[in-house]
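Chains as they are written, first to last, in our numbering: chain A, 21 to 351; chain B, 21 to 351.
Here it is as structure tokens:
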């Protein structure tokens with residue numbers, strides 16, 4: 021029910037996703053009447069692989085997570101997460117209120133032993149392929165223990181989804197200070213050095229894109245600022261390119277010739293292909309789609325949930341974090 | 021003497037800058053023999069507008085600022101800052117060790133009354149023109165008072181250099197948390213609301229590039245991460261564009277047609293045109309050039325120093341900060 025376009029986008033994405041993924045079944049959770057009407061509109065009937073589960077409430081995009089948690093026990097989000105808890109669904113995907121999703125998932129599914137807080141992660145397109153960055157905004161003021169936990173979770177994801185053997189882990193820092201970073205970062209640096217992760221040390225913001233690193237670990241504030249700034253730059257550059265090609269008749273003709281290449285370029289940096297941020301550290305798979313996602317974009321988020329469910333990411337994290345519990349407990 | 025290319029770049033930039041700016045004189049501070057040899061190599065003799073001032077030491081790019089401060093009293097950087105202190109120069113430009121420059125400038129020039137720490141700022145190209153962002157990495161763990169001081173300094177710079185009448189100020193935050201930001205940010209938000217600055221409230225990372233804001237205020241860690249991430253994205257996108265046009269014969273032909281427009285686009289996002297970060301809050305003008313700057317790029321840094329000296333930015337900040345001292349003292 022959430023996101024900027026609600027049922028319309030989710031229903032269209034679900035139907036298209038099922039066509040392309042015969043191994044997957046989906047349960048649409050929300051206002052039954054609205055969902056059935058939308059399915060009817062595109063001439064699809066509910067079936068064994070596409071079920072509808074009614075929810076009488078929905079959470080507003082600007083609703084306080086604590087309010088949603090207390091007062092929206094029959095919301096589409098809450099019920100979808102419950103289905104994961106009950107083992108009826110293998111994963112939950114939502115385009116709704118991020119804060120409410122984090123709070124609901126944490127409350128209903130609970131954290132894995134050894135993980136204190138859920139972290140949000142997503143793949144970032146880089147020169148060498150892609151980088152997992154976490155946390156992207158679920159946590160402000162992370163301790164060194166949290167940062168170590170993020171590292172383990174990122175490594176599990178990069179190994180399981182991208183099949184990288186020993187993912188390289190970097191700790192986000194800045195290069196300008198005499199004694200770099202704050203106490204949390206310096207301590208996390210020591211802990212990561214002592215761990216048996218493939219830790220390459222401090223990285224800076226540009227390394228997320230240009231560096232030889234698979235997992236970048238950071239506080240949620242820095243991660244979110246990095247991600248949003250990057251989106252801003254990409255938009256600005258696209259805007260500049262358009263302006264340059266629209267300057268005059270000559271540049272417009274140049275643009276006609278460049279069109280096929282520019283289109284291929286745009287597909288490559290299309291944010292829709294990077295939609296779907298994972299909430300890690302929970303006893304279940306939960307994926308957050310961008311609120312403004314269209315049906316194409318939302319399918320990417322469903323696919324991430326599918327991949328993580330198939331790879332059993334929560335179980336893998338559970339196995340791996342126990343190895344590091346000693347480090348984080350004795351520090 | 022600093023930067024990746026030392027004397028060669030600075031001498032070439034200085035000579036070119038003087039040709040284009042008849043109102044300016046420059047003093048080259050560093051190893052006299054080396055500078056004279058370089059001037060000789062390009063057939064230029066020292067003159068009234070281009071003097072050489074000997075310094076027997078120089079600071080290494082990776083030298084600890086505290087070490088430089090104690091042991092390099094005859095370094096080119098220290099002497100250049102001394103010249104500003106003594107009123108012999110109106111501004112100092114350095115491509116050297118950032119930490120050492122901040123420490124030296126702070127120690128020699130002292131802070132303006134009401135400003136606790138120097139902040140690093142630079143203009144960021146945006147869809148609407150450019151944005152001043154500060155701090156970009158001189159300070160980690162800023163208090164709300166520091167953030168307010170940054171706002172005042174940014175406003176003075178945007179008014180004096182860009183002639184914007186009531187620059188719009190935004191406070192960098194993230195949108196994912198129920199109660200946004202940490203205590204420092206929330207308190208700074210209240211202080212900015214109570215100030216008579218043109219404060220527009222919280223902004224996110226993408227607003228630096230796409231938002232209707234002139235000054236973005238943030239902790240140095242977040243600012244540096246934002247800046248470096250943005251550089252990484254821009255590099256990655258340039259890399260993608262090149263790859264797309266080099267794919268095959270057809271795309272190469274497309275590239276030939278697109279070349280003039282792409283060149284114009286590249287000039288527009290050329291980081292060399294944004295070189296020169298200002299150290300604000302000091303009793304004198306100090307500008308940091310990127311260490312990897314070439315002569316073209318270094319001229320931009322000299323020009324920023326020239327503009328700030330002409331506009332008397334330190335004096336303007338001194339005047340304006342007194343108005344806000346009450347706010348920051350009573351908070």
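The beta-carbon is built from N, C-alpha and C at its ideal position, and this holds for glycine as well.
Since this is a predicted model, take the numbers as computed values, not measurements.
Could you compute how far the alpha carbon of residue i sits from the alpha carbon of residue j?
{"i": "residue 351 (chain B)", "j": "residue 155 (chain B)", "result": "At residue 351 (chain B), the pLDDT of 45 sits below 50, so the modelled position is not reliable and the matter cannot be decided from this model."}
{"i": "residue 310 (chain B)", "j": "residue 25 (chain B)", "result": "11 Å"}
{"i": "residue 230 (chain B)", "j": "residue 246 (chain B)", "result": "14 Å"}
{"i": "residue 284 (chain B)", "j": "residue 257 (chain A)", "result": "13 Å"}
{"i": "residue 7 (chain A)", "j": "residue 152 (chain A)", "result": "Shown here, chain A extends from 21 to 351; a query on residue 7 (chain A) therefore has no answer."}
{"i": "residue 141 (chain B)", "j": "residue 239 (chain B)", "result": "12 Å"}
{"i": "residue 191 (chain A)", "j": "residue 225 (chain A)", "result": "10 Å"}
{"i": "residue 39 (chain A)", "j": "residue 315 (chain A)", "result": "14 Å"}
{"i": "residue 218 (chain B)", "j": "residue 306 (chain A)", "result": "41 Å"}
{"i": "residue 328 (chain A)", "j": "residue 332 (chain B)", "result": "58 Å"}
{"i": "residue 236 (chain B)", "j": "residue 75 (chain A)", "result": "42 Å"}
{"i": "residue 65 (chain B)", "j": "residue 113 (chain B)", "result": "21 Å"}
{"i": "residue 270 (chain A)", "j": "residue 303 (chain B)", "result": "51 Å"}
{"i": "residue 171 (chain A)", "j": "residue 340 (chain A)", "result": "11 Å"}
{"i": "residue 84 (chain A)", "j": "residue 116 (chain A)", "result": "12 Å"}
{"i": "residue 158 (chain B)", "j": "residue 55 (chain A)", "result": "53 Å"}
{"i": "residue 163 (chain B)", "j": "residue 308 (chain B)", "result": "24 Å"}
What are the start and end residues of the alpha helix (DSSP H) that includes residue i?
{"i": "residue 192 (chain A)", "result": "Premise fails: residue 192 (chain A) lies in the beta strand (DSSP E), 188-192, not in any alpha helix (DSSP H)."}
{"i": "residue 244 (chain B)", "result": "240-265"}
{"i": "residue 63 (chain A)", "result": "Where residue 63 (chain A) is concerned, there is no enclosing alpha helix (DSSP H), given that its DSSP letter is neither H nor E."}
{"i": "residue 30 (chain A)", "result": "27-40"}
{"i": "residue 172 (chain B)", "result": "164-182"}
{"i": "residue 319 (chain A)", "result": "315-331"}
{"i": "residue 86 (chain A)", "result": "85-91"}
How would you list, in chain order, the residues of chain A whose beta-carbon sits under 9 Å from the beta-carbon of residue i?
{"i": "residue 288 (chain B)", "result": "260, 263, 264"}
{"i": "residue 142 (chain B)", "result": "None at all; the shortest Cβ gap to chain A is about 12 Å."}
Anything in chain A within Cβ reach of residue i, meaning under 8 Å, just list it in chain order.
{"i": "residue 226 (chain B)", "result": "248, 249, 251, 252, 255"}
{"i": "residue 145 (chain B)", "result": "256"}
{"i": "residue 229 (chain B)", "result": "249, 252, 253, 255, 256"}
If the cut is a Cβ gap below 8 Å, which residues of chain B does residue i touch?
{"i": "residue 194 (chain A)", "result": "157, 160, 240, 241, 244, 245, 248"}
{"i": "residue 285 (chain A)", "result": "260, 261, 264"}
{"i": "residue 218 (chain A)", "result": "In chain order: nothing, as chain B lies at least about 21 Å away."}
Please classify residue i: is it buried, with 16 or more other beta-carbons within 10 angstroms of its beta-carbon, or exposed?
{"i": "residue 279 (chain B)", "result": "exposed"}
{"i": "residue 282 (chain B)", "result": "buried"}
{"i": "residue 139 (chain A)", "result": "buried"}
{"i": "residue 133 (chain B)", "result": "exposed"}
{"i": "residue 169 (chain B)", "result": "buried"}
{"i": "residue 186 (chain A)", "result": "exposed"}
{"i": "residue 95 (chain A)", "result": "buried"}
{"i": "residue 126 (chain A)", "result": "buried"}
{"i": "residue 264 (chain B)", "result": "buried"}
{"i": "residue 51 (chain A)", "result": "buried"}
{"i": "residue 203 (chain A)", "result": "exposed"}
{"i": "residue 209 (chain B)", "result": "buried"}
{"i": "residue 68 (chain B)", "result": "exposed"}
Which residues does DSSP pair with residue i in a beta bridge?
{"i": "residue 308 (chain A)", "result": "A:114, A:297"}
{"i": "residue 139 (chain B)", "result": "B:300"}
{"i": "residue 74 (chain A)", "result": "A:50"}
{"i": "residue 223 (chain B)", "result": "B:192"}
{"i": "residue 131 (chain B)", "result": "B:302"}
{"i": "residue 144 (chain A)", "result": "A:151"}
{"i": "residue 218 (chain B)", "result": "B:188"}
Could you give the first and the last residue of the continuous beta strand (DSSP E) run that contains residue i?
{"i": "residue 201 (chain A)", "result": "Neither: residue 201 (chain A) is in no beta strand (DSSP E) and is coded neither H nor E."}
{"i": "residue 150 (chain B)", "result": "149-154"}
{"i": "residue 99 (chain B)", "result": "Note, residue 99 (chain B): premise wrong, no beta strand (DSSP E); alpha helix (DSSP H) at 96-105."}
{"i": "residue 268 (chain A)", "result": "Per DSSP, residue 268 (chain A) belongs to no beta strand (DSSP E) and is neither H nor E."}
{"i": "residue 233 (chain B)", "result": "Premise fails: residue 233 (chain B) is in no beta strand (DSSP E) and is neither H nor E."}
Kindly list, in the order they appear in chain B, the residues whose Cβ is closer than 7 Å to that of residue i.
{"i": "residue 274 (chain A)", "result": "277, 278, 280, 281"}
{"i": "residue 271 (chain A)", "result": "281"}
Give me the chain B residues within the contact set of residue i, using Cβ-Cβ distance strictly less than 9 Å, ordered along the chain.
{"i": "residue 202 (chain A)", "result": "160, 161, 241"}
Cβ of residue i less than 8 Å from any chain D Cβ?
{"i": "residue 51 (chain B)", "result": "The structure shown contains no chain D; the protein chains it does contain are A and B."}
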